[in-house]
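Taking it in order: structure first as structure tokens, then the write-up.
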Amino acid sequence: MSTVVEMPQRISAPLLDERQFQDLRRFAGALNPEQLLWASGYLAGLQGSTSALPATQPAAENVRLAVLYGSQTGTAAALAERVARRASALGFAAEALDMRSYRRARLREDRNLLVVVSTQGDGEPPDGAQELHALLTGPRVPDLTGTRYAVLALGDASYPRFCQTGREFDEALVAAGATRLAERVDCDVDYEDDAQAWAERVLGLFDGPRSEASTVSVVSAATEQVSWTRHRPFAAPLLERLPLTAEGSTRRVWHLELDLAGSGIEFAAGDCLSIVPSNPPELVDSLVTRLGLNGDATIATRHGECTLAEALASRYEISRLTRPLVERYAELADSNALRGLARDDKALTAWMTGRDVLDLIQEHPARDLSAQDFGDLLRVLPARRYSIASSPLTYPDEAHLAVAPVRWESRGRVRLGVASTLLVERLAEGGEVPVFIEGHAAFRLPEDPAHPIILIGAGTGVAPYRAFLQEREALGAQGRNWLFFGDRNRRTDFLYQREWLQWLEGGLLTRLDVAFSRDQPRKVYVQDRLRERGAEVYAWLEEGAAIYVCGSERLGHDVHQALIDLVGAAGGLTAERAEGYVEDLKHTGRYHRDVY
87 MSTVVEMPQR ISAPLLDERQ FQDLRRFAGA LNPEQLLWAS GYLAGLQGST
137 SALPATQPAA ENVRLAVLYG SQTGTAAALA ERVARRASAL GFAAEALDMR
187 SYRRARLRED RNLLVVVSTQ GDGEPPDGAQ ELHALLTGPR VPDLTGTRYA
237 VLALGDASYP RFCQTGREFD EALVAAGATR LAERVDCDVD YEDDAQAWAE
287 RVLGLFDGPR SEASTVSVVS AATEQVSWTR HRPFAAPLLE RLPLTAEGST
337 RRVWHLELDL AGSGIEFAAG DCLSIVPSNP PELVDSLVTR LGLNGDATIA
387 TRHGECTLAE ALASRYEISR LTRPLVERYA ELADSNALRG LARDDKALTA
437 WMTGRDVLDL IQEHPARDLS AQDFGDLLRV LPARRYSIAS SPLTYPDEAH
487 LAVAPVRWES RGRVRLGVAS TLLVERLAEG GEVPVFIEGH AAFRLPEDPA
537 HPIILIGAGT GVAPYRAFLQ EREALGAQGR NWLFFGDRNR RTDFLYQREW
587 LQWLEGGLLT RLDVAFSRDQ PRKVYVQDRL RERGAEVYAW LEEGAAIYVC
637 GSERLGHDVH QALIDLVGAA GGLTAERAEG YVEDLKHTGR YHRDVY
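Per my numbering, residue 87 is the first one in the sequence shown, and the count goes up by one each step.
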């Protein structure tokens with residue numbers, strides 16, 4: 087199934103005759119975005135960079151354009167930067183702006199807005215977008231009459247409030263008097279094609295479709311440095327895999343070292359390595375058997391043809407259910423039960439939890455379902471992100487990960503984590519795994535190496551802090567470092583224990599506080615240790631310390647409340663003022679969270 091790329095309906099200069107133009111339209115329409123970019127660069131290179139573009143002035147000259155982004159993991163930020171570069175190539179005075187530092191006065195000035203925003207957890211705005219979101223949805227929203235805007239919403243359809251934050255920004259901007267240039271686009275995990283089409287469409291709406299603009303945008307994108315992506319990953323060999331937990335642990339964790347030599351991959355401490363996974367073979371086999379289909383049947387996918395078995399193994403997600411999948415399958419199966427379920431958000435969410443595609447077709451079988459029909463139901467298999475546990479200054483050409491394989495039993499079947507079990511159980515030493523880097527600009531060390539930092543993590547959430555301390559050690563940074571770490575048992579679950587203790591003894595790690603929840607009758611967590619050390623934590627904050635939190639969404643919530651509590655107690659502040667203090671840490675770039 088090829089990606090449809092919109093081409094201009096006419097050209098303003100007689101560069102091509104009608105037949106040439108139609109041939110070009112057909113050729114471009116058959117390519118996916120990456121193929122289109124490559125072809126554009128190739129054609130431009132035939133004549134050299136000086137003659138590749140028509141000598142015309144872009145129509146959007148001097149139009150000021152603010153591309154606002156709200157990003158938790160860096161995806162929205164990267165997309166916004168890309169859109170801003172594309173717009174600048176078209177002649178816009180374009181700028182990508184983090185919502186974290188975007189102020190009310192600027193909102194009144196910018197008359198052309200593109201909003202790229204993700205949704206976190208149960209429909210919450212990312213940390214950096216919360217202040218602007220509160221302004222636009224609150225009682226003191228400014229009058230935005232005369233402002234033109236469009237919204238690109240990022241999310242994951244496996245969550246019930248899919249793209250909720252983007253929806254709320256869209257509705258709030260209209261309510262404030264702004265003019266919607268184009269309908270909001272809600273992107274699932276396979277966002278690349280939809281995001282590119284959205285950008286091309288909305289940029290064209292400012293001055294109408296122009297062939298010069300289309301030419302410039304494609305060629306300028308094609309000349310950007312090629313990098314590894316989800317659709318073009320680097321095959322990284324596994325150098326070593328070592329246990330981080332001891333025998334007797336109720337949750338095994340492994341340290342993996344991947345070889346990036348020859349890839350040209352660059353990253354910073356705090357960034358993530360994304361794994362392009364494959365589904366467990368036993369689940370693929372069970373699906374094909376239950377469907378009664380031929381696994382060797384050829385089907386068309388968004389990125390070319392392959393067999394049904396290959397598509398289920400490495401291209402489509404089959405371990406989770408989403409609302410769009412259930413709704414489409416309900417029609418194919420003609421199931422009134424599923425239709426009714428889809429009308430009740432809470433009931434559908436509860437029913438989908440813990441179920442996969444095999445459960446769906448077993449409980450609601452469909453008749454005469456073809457291999458192509460089944461493939462068309464499914465969404466792309468998303469990459470899985472892992473915090474990198476090493477600094478490139480300490481381990482050049484390597485990326486280290488801390489991975490806990492996910493395995494549980496439900497409805498009489500063993501369920502397996504797609505990427506975690508691939509890395510720990512299916513990948514042999516020396517074997518290769520497809521990877522690419524996802525930058526995480528919101529989770530980086532302070533620019534000033536003298537600034538103190540407080541690191542808070544539980545379980546594998548401690549991984550990026552190993553990279554942080556390696557980096558500070560390599561740079562000879564003078565800033566103080568305080569680590570709060572939590573897990574179940576000291577004897578079995580003290581991840582990277584030897585390294586933390588060596589850094590503590592050597593002075594790189596100024597303080598180390600641990601919380602092992604199962605080592606005493608009353609469970610103790612990192613948020614409890616924070617409250618116990620509240621006066622000292624507050625003193626560090628008053629001296630300019632930055633805070634980092636990495637781990638589960640629940641950990642993030644509990645630590646956030648603990649910070650408010652300790653600031654209130656140590657600073658003698660009311661609950662409202664203490665909350666404002668912590669919010670100010672976010673807005674000034676001193677409170678960083680990577681929660682999932």
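Every residue gets a Cβ at the ideal spot worked out from N, C-alpha and C, and that includes glycine.
Specify whether the region 349-363 and the region 388-398 touch according to this definition: at least 3 beta carbon pairs, one from each stretch, less than 8 angstroms apart.
no
Rounded straight-line distance, which links the Cα of Tyr415 to that of Ser473
35 angstroms
For Asn148, does the three-state DSSP call read helix, strand or coil?
coil
Just how far apart, CA to CA, sit Arg676 and Ala485?
26 angstroms
On a CA-only basis, which of Ile633, Leu671 and Val260 is nearest Asp229? Give me that one, please.
Val260
Mind the definition here: the region 569-583 touches the region 540-551 only if three or more C-beta pairs lie below 8 angstroms; say whether that holds.
yes
Mind pulling the alpha helix (DSSP H) runs of 4 or more residues that sit fully within the region 428-453?
431-438 and 443-449
How big is the Cα-Cα spacing for Ser400 and Leu369?
12 angstroms
Nearest to Arg194 (by Cα), restricted to the options Gly241, Arg226, Leu165 and Gln206:
Arg226
Taking Gln556 and Ser477 to be in contact with their CB atoms under 8 angstroms, please state how far apart those CB atoms are, rounded to whole angstroms.
4 angstroms
Inspect the beta-carbon positions of Gly601 and Val610 and report whether they are closer than 7 angstroms.
Strictly speaking, residue 601 in this sequence is Ala, with Gly absent from that position. It is a contact, given that the beta carbons lie within the stated cut-off.
What number of angstroms, rounded off, separates the C-alpha of Arg296 from the C-alpha of Asp280?
A caution first: Arg296 carries a pLDDT of 42, below 50, which makes its placement in the model unreliable, though a value can still be read off. Distance between the alpha carbons of Arg296 and Asp280 is about 21 angstroms.
Using the three-state DSSP reduction, which class does Pro329 fall into: helix, strand or coil?
strand
From Val443, Trp437, Leu154 and Arg471, pick the residue whose C-alpha is nearest to that of Pro363; which is it?
Arg471
Quick check: the Cα distance between Val519 and Thr408, rounded to an integer number of angstroms?
26 angstroms
Taking C-beta to C-beta, are Ala488 and Val645 nearer than 7 angstroms?
no
Report the three-state DSSP secondary structure of Glu639 (helix, strand or coil).
helix
Roughly how many angstroms lie between the CA atoms of Thr435 and Gly207, to the nearest whole one?
14 angstroms
Check whether the Cβ atoms of Ser360 and Phe320 sit closer than 7 angstroms, and answer yes or no.
no
In whole angstroms, what is the alpha-carbon distance linking Leu509 and Gln564?
36 angstroms
Within a Cβ cutoff of 7 angstroms, which residues of the same chain sit near Tyr624, ignoring the five residues on either side of it in sequence?
Leu652, Val653, Ala656 and Gly657
Skipping 5 residues on each side, what residues in its chain have a beta carbon closer than 7 angstroms to that of Pro100?
With a pLDDT of only 37 at Pro100, under the threshold of 50, the placement of this residue in the model should not be trusted; the figure read from the coordinates follows. Cβ within range, chain order: n/a, list empty.
Under the assumption that Ser405 contacts Asp442 (Cβ atoms under 8 angstroms), give the Cβ distance between them as a whole number of angstroms.
5 angstroms
Taking Cβ positions, are Ala236 and Ala268 nearer each other than 7 angstroms?
yes
Going straight from the alpha carbon of Arg577 to that of Arg558, what length do you get?
28 angstroms
Using only the alpha-carbon positions, how far apart do Glu326 and Glu515 sit?
6 angstroms
Report back the beta-carbon spacing between Thr233 and Arg197 to the nearest angstrom; my notes put them in contact at under 8 angstroms.
5 angstroms
Nearest candidate by alpha-carbon position, reference Glu533, set Ala631, His219, Asp605 and Arg501:
Ala631
For Leu291, count neighbouring C-beta atoms within 10 Å of its own C-beta (all shown protein chains included) and say buried if the count is 16 or more, exposed if not.
exposed
Using only alpha-carbon positions, find the residue among Glu167, Pro491 and Gly498 that is nearest to Glu511.
Pro491
Would you tell me roughly how many angstroms separate the C-alpha atoms of Val681 and Gln613, rounded to the nearest one?
15 angstroms
Rounded to the nearest angstrom, what separates Ala419 and Arg247 at their Cα positions?
25 angstroms
Considering only residues of the region 568-646, which uninterrupted beta strand (DSSP E) runs meet the minimum length of 3 residues and lie entirely inside it, listed in chain order?
597-602 and 632-637
What does a CB cutoff of less than 6 angstroms around Trp314 pick up in its chain, not counting 5 residues either side in sequence?
Phe320 and Phe522
Own chain residues within Cβ distance below 6 angstroms of Gly241, not counting five before or after
Thr205, Phe248 and Cys249
Anyone know if the C-beta pair for Ala457 and Leu379 falls short of 7 angstroms?
yes
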